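Structure first, then comments.
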């Protein structure tokens, strides 16, 4: 295909992806009430536990359009998830003709591993986030109130889920680097001390210092995923070495 043909193909794929996203957002807009109710659960719990005549914790909409803005942002996030099969297929259909059969197989394997890991990370973040909010509220002085701006509160929840979800996918990138020949399994294993340190620092930053359980839970999961990626990389290295030996590229030292 010529460059112009590629651009036409790209435009067609983008139009289909945007239409799919728009339909997903329209559907998601009708469930924003349930989503807002779910993510504000920690606020209601705080208000019930520490609220008196004056509410202790409330979700505040500080601008005229804050309610609409919040619903649109939630609809965009959920719409992207609902329309993911459409826009992912459009991306895949655009790049697949330029890939070899081996590259297609590896790409499908990496995507197949990355998607459930990302959702697993998002699920862990949803479980941990209420504890983060509750722990941080303990620092509010006596007589103070905890009013959460709706936009900032949603940003915190969305970014927290996104960061933890992406962190769960990082081991897949390590395996991808190994498959590409950039890093060997032994090289990945040599950095285990740094990996554990980074996992603990990341868990300490994303969870309150007082919430030790959440910190160790998140750090433990990340460390297990790192060593799982290391094991897979070592197995790939061993398989490549055996193949090279059979093909006569390496001497048989046994």
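Residue numbers (my numbering): 107 to 360. Glycine included, C-beta positions come from ideal geometry on N, C-alpha and C. What you are looking at is a predicted structure, and each value in this text was computed from that prediction instead of being measured.
Residue i, buried or exposed, once every other Cβ within 10 Å from all chains shown has been counted against 16
| i | result |
| --- | --- |
| residue 206 | exposed |
| residue 148 | buried |
| residue 222 | exposed |
| residue 163 | buried |
| residue 189 | buried |
| residue 326 | exposed |
| residue 319 | exposed |
| residue 286 | exposed |
| residue 202 | exposed |
Assigned secondary structure, residue i (DSSP; H/G/I helix, E/B strand, else coil)
| i | result |
| --- | --- |
| residue 308 | helix |
| residue 166 | strand |
| residue 321 | helix |
| residue 246 | coil |
| residue 289 | coil |
| residue 336 | helix |
| residue 161 | coil |
| residue 206 | coil |
Beta-carbon spacing of residue i, residue j below 8 Å
| i | j | result |
| --- | --- | --- |
| residue 297 | residue 339 | no |
| residue 254 | residue 165 | yes |
| residue 334 | residue 277 | yes |
| residue 186 | residue 228 | no |
| residue 195 | residue 127 | no |
| residue 301 | residue 216 | no |
N-terminal and C-terminal residue of the beta strand (DSSP E) that residue i is part of
| i | result |
| --- | --- |
| residue 254 | 252-255 |
Cutoff 8 Å: residue i Cβ touching any chain D Cβ
| i | result |
| --- | --- |
| residue 339 | The question asks about chain D, but that chain is absent: this structure has only one protein chain. |
Endpoints, alpha helix (DSSP H) assigned at residue i
| i | result |
| --- | --- |
| residue 138 | 138-145 |
| residue 297 | Unbroken run through residue 297: none, as it is neither H nor E. |
| residue 172 | 172-188 |
| residue 130 | 109-135 |
Reference residue i, options the options, closest by Cα
| i | options | result |
| --- | --- | --- |
| residue 200 | 322, 335 and 123 | 123 |
| residue 345 | 333, 284 and 302 | 284 |
| residue 260 | 235, 114 and 109 | 235 |
| residue 280 | 113, 328, 233 and 197 | 328 |
| residue 309 | 274, 183, 155 and 286 | 274 |
| residue 263 | 140, 127, 117 and 145 | 145 |
Cβ-heavy atom distance, residue i to the ligand NAP, below 7 Å
| i | result |
| --- | --- |
| residue 167 | Among the components of this structure there are no ligands whatsoever, and the ligand NAP is therefore not found. |
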